[in-house]
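161 is the number that UniProt numbering gives to position 161 of the sequence shown; each next residue is one higher, with no gaps. For every residue, glycine included, the Cβ atom is placed at its ideal position computed from N, Cα and C. Predicted model only: the values in this text are computed from it and were never measured. Only one structure is covered here, and it is reproduced in the block below.
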Amino acid sequence: GEERLLNKLGYRLSQTLGEGSFSNAKATTFNKYKCPLTVKVMDQQQMSPDIVQEFLPQEVSIMHKIWHPNTMHIFEVAEVCNGKLYIMMEAADTDLLQMVQETLPCVLEVWDIFVQVARAVQYLHNRNLMHWDLKCENVLLTTDGCWTKLSDFRFSKETSGSLDVSNTFCMSAAYAALELV
Numbered sequence: 001g002e003e004r005l006l007n008k009l010g011y012r013l014s015q016t017l018g019e020g021s022f023s024n025a026k027a028t029t030f031n032k033y034k035c036p037l038t039v040k041v042m043d044q045q046q047m048s049p050d051i052v053q054e055f056l057p058q059e060v061s062i063m064h065k066i067w068h069p070n071t072m073h074i075f076e077v078a079e080v081c082n083g084k085l086y087i088m089m090e091a092a093d094t095d096l097l098q099m100v101q102e103t104l105p106c107v108l109e110v111w112d113i114f115v116q117v118a119r120a121v122q123y124l125h126n127r128n129l130m131h132w133d134l135k136c137e138n139v140l141l142t143t144d145g146c147w148t149k150l151s152d153f154r155f156s157k158e159t160s161g162s163l164d165v166s167n168t169f170c171m172s173a174a175y176a177a178l179e180l181v
C-alpha cells in the first residue's frame with residue numbers, strides 16, 4: 001500500500017507517531033533532506049467535501065507561504081490516485097500537552113516556549129495570517145528543548161489587513177466558549 005508507494009519515492013517509514021479520524025503521522029527519512037521528517041497521511045475519501053475543498057488546500061497554501069524558525073515547515077506534498085494526500089514536514093518529538101502531562105516544565109522553559117510561540121504568532125500576523133487554533137496540541141517541541149514550532153494551519157485564514165471576526169472565526173470546539181458552540 002502506501003508504504004510501498006512512499007518507498008518508491010525514496011521515503012523510509014518507521015513508527016506511527018499519532019492517528020486522527022482522517023489522518024495519521026509517521027516518522028520517516030528521505031536522503032534528499034538531512035533532518036528527520038514526519039509524513040502526514042490524509043485519507044480524503046473519509047473527509048467531508050468542505051474539508052477536502054476548503055481546509056486542506058488552505059492549510060497547504062499557507063504552509064507553503066510561511067518560513068519561520070517557530071512554524072512547522074513542509075517539504076513536499078503529494079496527492080495520489082488512491083485519494084490520499086501525503087504531506088512531508090519537519091519532525092517534532094512531542095507537543096506541549098504531552099510535555100506538561102509527563103513533567104511540569106520550569107519557569108525558564110515555560111518562558112522560552114511562550115516567547116517562541118509569540119514570535120510565530122507575530123510572524124503570521126505581520127503577514128495578515130490568523131492561526132485560529134492555538135492550543136497545546138498545536139505547539140510542537142523537540143526533545144532537546146531548543147525549538148518550539150507552531151503547527152496545524154487547517155483553520156488559518158488570510159485577512160486583507162482588517163479582520164472581520166464574524167467571517168473568519170474558527171477553532172476547536174473543545175476550546176470554544178459555551179456561548180459560541
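Per DSSP, cross-strand counterpart(s) of residue i
| i | result |
| --- | --- |
| T16 | K26 |
| M42 | S23, L85 |
| K157 | M130 |
| K149 | L140 |
| E76 | M88 |
| L9 | BP columns for L9 are empty, so no partner. |
| L56 | According to DSSP, which records beta bridges pairwise, L56 is partnered with nothing at all. |
| L124 | For L124, which the question treats as bridged, DSSP gives no partner whatsoever. |
Residue i classed as buried or exposed, judged by whether at least 16 other C-beta atoms fall within 10 angstroms
| i | result |
| --- | --- |
| F114 | exposed |
| N70 | buried |
| A118 | exposed |
| C35 | exposed |
| Q101 | exposed |
| S166 | With a pLDDT of 48 at S166, under the threshold of 50, the predicted position of this residue should be treated as unreliable, and no value is reported. |
| V107 | exposed |
Beta-carbon spacing of residue i, residue j below 8 Å
| i | j | result |
| --- | --- | --- |
| F153 | H131 | yes |
| M89 | L141 | no |
| D95 | E137 | yes |
| L56 | L85 | yes |
| M47 | S151 | no |
| L6 | L13 | yes |
| A27 | K40 | no |
| G83 | D43 | yes |
| Q116 | T159 | no |
| A91 | L37 | yes |
The ligand ATP heavy atom lying under 7 Å from the CB of residue i
| i | result |
| --- | --- |
| T148 | With respect to the ligand ATP, the structure offers nothing, as it holds no ligand at all. |
Sequence-distant residues of its chain with Cβ nearer than 6 Å to residue i (five each side left out)
| i | result |
| --- | --- |
| I74 | M63, I87, M89 |
| V77 | V60, I87 |
| E79 | L85 |
| L97 | C136, E137 |
| E3 | L13 |
Neighbourhood of residue i by C-beta, 7 Å cutoff - its chain only, sequence neighbours within 5 removed
| i | result |
| --- | --- |
| H68 | A120, Y123 |
| L17 | A25, K26, A27, T38 |
| G161 | N128 |
Spatial neighbours of residue i in its chain, beta-carbon cut-off 8 Å, leaving aside the 5 residues before and after
| i | result |
| --- | --- |
| T29 | Y11, R12, S14, P36, L37 |
| S21 | Q46 |
| V52 | Q44 |
What are the start and end residues of each continuous beta strand (DSSP E) run of 3 or more residues lying completely inside the segment 79–109, in chain order?
84–90
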